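Going by my numbering, the letters in the sequence shown line up with residues 45 to 301, in that order. Here the structure comes first, spelled out in structure tokens, and everything after it is commentary.
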Amino acid sequence: MRPRPPIKGRGIFSGTGLVIAALAATATALLYPLWSYADRPSPAAGATVLSTQTVTTPYGPLSAQDRDFITGVRLAALWELTAGELAERKGTTAAVRTAGRHLVDGHTSLDGHLRTVAGQLGVPLPNEPNAQQKQWLDTLRSAPGQDFDRRFAGLVRLAQGRMYAQAAQVRAGTQNSLVRDLADDANATTLDHIKVLEATGYVDFAALAQELAASPTPVPTPRAVDPSAAVPVAPSPDESYSMPPATTSPPPGTSGS
């Protein structure tokens, strides 16, 4: 039997041709993702941007969050110590004046710790409160009588609640030993302030919850200076106040006599 003559053009569908076509398709499939991603930024680029926000120190990495926390503690001291002095002078109850004294004493101590940490880590510090804090102080200076008591307790308790949350978050995640110690100190000081403010009886917890749930409006930070040029936060030397009891009524279960 004579073999059949080959059909013209059938060679492309031969076994060899099919193998070649399959290899070409596979190569195309493998190379296409490389071509399609050629103009996209690599994941390493994002990692580099993040790493530039963290600096190496002898006490561990110092992140942008760590630096923001240090600045925030300094800003709190700059306005809350003054608010405390106003409460000592203008408070209409012993509990309000006691809260003021705790603010003065607490921030005097905490600010000393803060300035030491900032100096060791090379973090610049502001020397004045921000615009919102200045506005709060103006409000307290102009508020009379019990209106002052309510505004003092409300404004400072709001600020303390935000600081307490920030300190806890930083303490949980920082890799810097100095920042951890500062967060511990800030948490203890802030919790003390929260308690004495609540003891005044002027904290509106419903309004406070709404304020804390809302995202605070960003306020520009005043110009920062070298840590060595940061002015110590301290009570006014020409003003002295007696330390009244924390509450005006006796504890439950006592006769009060």
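Glycine residues also receive a C-beta, built at the ideal position from the N, C-alpha and C atoms. Since we're looking at a predicted model, the values are computed, not measured.
Could you tell me how far apart the beta carbons of residue i and residue j are, in whole angstroms, since I believe they sit closer than 8 Å?
| i | j | result |
| --- | --- | --- |
| Leu125 | Arg201 | With a Cβ gap of about 16 Å, Leu125 and Arg201 do not count as contacting. |
| Leu241 | Val247 | 6 Å |
| Ala274 | Arg159 | 5 Å |
Starting from residue i, trace the alpha helix (DSSP H) in both directions and tell me its first and last residue.
| i | result |
| --- | --- |
| Gln164 | 138–165 |
| Leu122 | 108–134 |
| Val223 | 221–242 |
| Gln213 | 189–217 |
| Thr183 | 175–186 |
| Gln254 | 249–257 |
Is residue i near residue j, with beta carbons less than 8 Å apart?
| i | j | result |
| --- | --- | --- |
| Ala131 | Arg118 | no |
| Pro168 | Pro266 | no |
| Ala1 | Val263 | Only positions 45 to 301 of the chain appear in this structure, which leaves residue 1 out of reach. |
| Arg215 | Ala232 | no |
| Leu122 | Val277 | yes |
| Pro281 | Thr152 | no |
| Ala211 | Ala230 | yes |
| Ala127 | Leu184 | yes |
| Ile334 | Val161 | This structure leaves residue 334 out entirely; the chain is present only between 45 and 301. |
| Trp180 | Leu165 | no |
| Gly104 | Gln219 | yes |
| Thr244 | Tyr208 | no |
What do you get for residue i, buried or exposed, if any count of 16 or more other CB atoms within 10 angstroms of its CB means buried?
| i | result |
| --- | --- |
| Pro271 | buried |
| Gly90 | Low confidence applies here, because Gly90 scores a pLDDT of 33, under 50, leaving its location unreliable; read the following figure in that light. With fewer than 16 other Cβ atoms within 10 Å, it is exposed. |
| Pro260 | exposed |
| Asp110 | buried |
| Asp182 | exposed |
| Ser107 | buried |
| Pro14 | With the chain covering only 45 through 301, there is no way to say anything about residue 14. |
| Gly150 | buried |
| Arg145 | buried |
| Gln303 | The question about residue 303 has no answer here: the residues shown for the chain are numbered 45 through 301. |
| Gln254 | exposed |
| Gln177 | buried |
| Val93 | For Val93, the predicted structure reports a pLDDT of 33, less than 50, and the residue's modelled location is therefore unreliable. The matter cannot be settled from this model. |
Closer than 8 Å is the cut-off here; do at least three beta carbon pairs connect the stretch 184–193 with the stretch 136–149?
yes
Are the stretch 231–241 and the stretch 204–214 in contact at 8 Å, needing three or more beta carbon pairs?
yes
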